[in-house]
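In what follows, a single structure is set out as structure tokens and then discussed.
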Amino acid sequence: MRQLILTCTTLFTLSLFAQTNLDSVTVSATRLAVKKYESGKNITVLSQQEIQQLPVTSVDELLQYVGGINVNSRGGFGVQADIGMRGSTFSQVLILVDNQRINDPLTAHFNSNVPIPLSEIHHIEIVRGSAAASYGADAVGGIIHVKTKTYEGMMNSTEESSEINGNVAFGQHNLTMTDIGLYQQRKKLGFSAAMKSSQSIGEQFVNPNFIQKGLGDSLYNNYFDLKTYTGAITYRTKRLKMYARGGVDYRDFGAKYFYTADAYDESIERVNAYWTQAAFIFDGDDESRTELNVSYRNNSDSFAFNPAFAANLHTTQRVNATLSQQRKVGNIDLNYGFQSDWQDIVSTDRGDHKLNSNALFLVAHKNVNKLSLNGGLRLEQSEKIGVQLVPQINAAYIHRNLVFRSSLGRSIRQADFTERFVSYKISNLGGGRNAGNPDLEAESAYTFDIGVDAYLNKHLQISNTVFARQSSNLIDYTLTNSLEINNLPNLRDSTNYLYANNISEAFTWGNELGVKYTSDLAQGQLNAALNYTFIQTTTPDSVVSKYIANHPLHNINGNLNYSIHGFGINIGGAFITRNEEAVEAINAEIKNQYAVLNAKVSYTLKDFPVSLYVDVRNILDTQYQDILGARMPSRWILGGIRWNIKHTKVKLPKLLPQGKIR
167 MRQLILTCTT LFTLSLFAQT NLDSVTVSAT RLAVKKYESG KNITVLSQQE
217 IQQLPVTSVD ELLQYVGGIN VNSRGGFGVQ ADIGMRGSTF SQVLILVDNQ
267 RINDPLTAHF NSNVPIPLSE IHHIEIVRGS AAASYGADAV GGIIHVKTKT
317 YEGMMNSTEE SSEINGNVAF GQHNLTMTDI GLYQQRKKLG FSAAMKSSQS
367 IGEQFVNPNF IQKGLGDSLY NNYFDLKTYT GAITYRTKRL KMYARGGVDY
417 RDFGAKYFYT ADAYDESIER VNAYWTQAAF IFDGDDESRT ELNVSYRNNS
467 DSFAFNPAFA ANLHTTQRVN ATLSQQRKVG NIDLNYGFQS DWQDIVSTDR
517 GDHKLNSNAL FLVAHKNVNK LSLNGGLRLE QSEKIGVQLV PQINAAYIHR
567 NLVFRSSLGR SIRQADFTER FVSYKISNLG GGRNAGNPDL EAESAYTFDI
617 GVDAYLNKHL QISNTVFARQ SSNLIDYTLT NSLEINNLPN LRDSTNYLYA
667 NNISEAFTWG NELGVKYTSD LAQGQLNAAL NYTFIQTTTP DSVVSKYIAN
717 HPLHNINGNL NYSIHGFGIN IGGAFITRNE EAVEAINAEI KNQYAVLNAK
767 VSYTLKDFPV SLYVDVRNIL DTQYQDILGA RMPSRWILGG IRWNIKHTKV
817 KLPKLLPQGK IR
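Counting in the numbering used here, the sequence shown runs from 167 upward without gaps.
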């Protein structure tokens, strides 16, 4: 708290000598389109330009440069990662694409499989803290909202334009990477198509299982083959807008030690998903807006723990639909509606199950002089939680170039199919394995934060936020003897398992400090961002869990980008301090401290929008693991070519009234 008071005092003093220059970008953190400084939330918006500057090939790699986010990766180049926010577990973050959730009902390990290539992304909104009242009751740690070029073009573009952009790269370990997108917006019609492919034989390592137990091959590779294809089409008139998107995502990768530290682990995994979503939007004469969003996702997972055993096969389906209306009542902006979510699984080891959830929601925004108020209320119902009320209130107060903000909200998360049923149908389950709990109760959490954003001038922005979350019935795997488990018939007597439990409570608090600087220098342009996040989670002394406190204690990350005369250099990375772990038998070690540094050098041709670049990952050649056993890449060099060809045809009259932009 002393740190917050000191920061606020310093920023207030600096503001006396600065001009007001607030960030006017519009965000949809509460479904209602408001200015970022009016939202009452700690929000980061990553633009297309910022994304292109960074040495990244996937959304999860991109998020490693953002404050308040913890990315526990199981390999480079977007193979798989667990995304947490403000110390949340990876199951407590809501991932959206154009207003529709893509979270997988099997396991949140797949939530980072964002099925949109970087070439198709317009921008990403990162909303920290509970946002459960607006988009879903399980938005505990926050929301990551991907907005595509097609959707944004339909809603906001006033020009006819076309764009072809791409990125092709080659690197060590037979790496090939391709990311190509095509986008066009006409007066009424718009469309896009994009594809991404990343392939590598991976690095080669000595197999601890062969050395210790004589199992498997003497060497193994952490190979990967990832492919994503997507296309979208839009149609708009003055009143009506229609949007449809479809796509497929294929992933084949070595998953050794991704989920266990077992001597028999020789895992490989294949994940195939296809999804479609659509939106129908009608703007009424009374300045109201009625919107229907629907989506369908089908995910098939084949996981082979060891060639000696049959692979586990899982197929999940998810249908999500939201009907909402936005209108103005007096000087209050309202958005209200109904949401329904249906989930289904057919699995060889988890069985066949279904889950239905429904919700009513209402969010409101009102400005009172310099005070901006945002409130929300959600009534959530399902067979696992009954009927629960989920409230939310955010406030922001503007004083010159300072924005003081605070947020308070509740969130609820039901257990996914893996937490409830993993190993449910495996007879005589071996010790040390994960075991699901079909009787898990839903998690509940209350989150509070208070912070300040200082727009010191047009170049420099500083923000600081203190947050706290009190959670009950948190779900995690704890080492439990079978004598204490009475709802699973397939366990061995007097044997320990990692059993899914409702831990009684946990308290998480922390601090987020961010600095952003941009400047057009006499010789070139400079952009820099630096973030420091501190998080601490406490649970009952007797409880040793697997994921709840699996986050850094200290995380310093950021990047610096400098460009001059066509040359550009970007240097960024992170320094992380966390609780150390080790399993010597499989060379598994999570270090107490480690630093990862990446760099990218590029040259853009003078008369053509094409750039050549060299990307060096992990310059320091740090040997580290975010997940115990899953080795992260050593130093890795790649080079490629990027292009972004744009053409704007004519200026069109604006289709949307002021204040209706999403």
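Idealized CB from N, CA, C, for every residue including glycine.
Contact between the region 259-267 and the region 298-310 is present, with at least three C-beta pairs closer than 8 Å.
In the structure shown, S285 adopts helical secondary structure according to DSSP, grouped into three states.
Separation of V632 and R402 (C-alpha to C-alpha, rounded to the nearest whole angstrom) is 43 Å. Assignment of beta strand (DSSP E) within the region 350-408, counting only whole runs of 3 or more residues, yields 355-366, 370-372, 385-387, 390-402 in chain order.
For the set L272, Q627, S506, the Cα lying nearest the Cα of D518 is the one of L272. Beta bridge pairing from DSSP links P557 with L543. Of G253, R493, E432, the smallest CA-CA separation from D451 is found for R493. Under DSSP, T644 forms a beta bridge with Y665, S711.
The beta strand (DSSP E) runs lying completely inside the region 224-281 and spanning 3 residues or more are 235-239, 247-251, 259-263, given in chain order. Under DSSP, N723 forms a beta bridge with N697, A740. For the alpha helix (DSSP H) assignment, the region 477-537 encloses no uninterrupted run of at least 4 residues. Of N501, G496, A476, R417, the smallest CA-CA separation from R455 is found for N501. One thing to note: G302 has its Cβ within 9 Å of the Cβ of D507. With respect to the 9 Å criterion, T314 and I282 are classified as neighbours on the basis of their beta carbons.
Secondary structure at Y301: coil, using DSSP grouped into helix, strand and coil. Relative to Y790, the option among Y760, G676, D773, V767 whose CA is nearest is Y760. Where Q219 is concerned, there is no enclosing beta strand (DSSP E), although the alpha helix (DSSP H) around it starts and stops at 214-219.
By the C-beta criterion, the region 406-413 is judged not to be in contact with the region 375-385, since fewer than 3 inter-stretch pairs fall below 8 Å.
Contact between F527 and S300 holds: CB atoms are separated by about 7 Å, below the 8 Å threshold. Annotated three-state conformation of E607 is coil, per DSSP. Excluding residues up to 5 positions away in sequence, Q443, N459, S461, N486 lie with their Cβ nearer than 7 Å to the Cβ of Q266 in the same chain. L545 places its beta carbon 9 Å or farther from that of N560.
Taking C-beta atoms as the reference points, Q580 and D304 count as a pair closer than 9 Å. Using a Cβ-Cβ distance cut-off of 8 Å, the region 639-651 and the region 679-687 are not in contact, since fewer than three pairs of beta carbons, one from each stretch, lie closer than that value.
Partner residues in the beta bridge of F570, as assigned by DSSP, are Y563, V618. In this structure, DSSP gives L771 a state outside helix and strand, which the three-state scheme calls coil.
If the five residues before and after Y590 are omitted, its C-beta is found closer than 6 Å to the C-beta atoms of R516, G517, G602, all from its own chain and listed in chain order. No residue range can be given for R801, since it is assigned to no alpha helix (DSSP H) and is classified by DSSP as neither H nor E. For the pair of segments examined, the region 776-784 was found not to touch the region 745-757: the number of CB pairs separated by less than 8 Å stays below three. Per DSSP, Y440 is one residue of the beta strand (DSSP E) stretching across 434-449. Ranked by how close their Cα comes to the Cα of D499, the residues G541, Q509, F475 have G541 in first place. Taking each of L626, N656, S768 in turn and checking the Cα distance to V588, the smallest one comes out for N656.
Non-local C-beta neighbours of A429 in its own chain, meaning closer than 6 Å and more than five positions away in sequence, comprise N375, K379, ordered along the chain. The alpha carbon of T514 has as its nearest neighbour, out of A562, Y416, I592, the alpha carbon of I592. By the neighbour-count criterion, in which 16 or more other beta carbons inside 10 Å mark a residue as buried, L220 falls on the buried side. When the alpha-carbon of S538 is set against those of V529, K550, Y563, the nearest one is in Y563.
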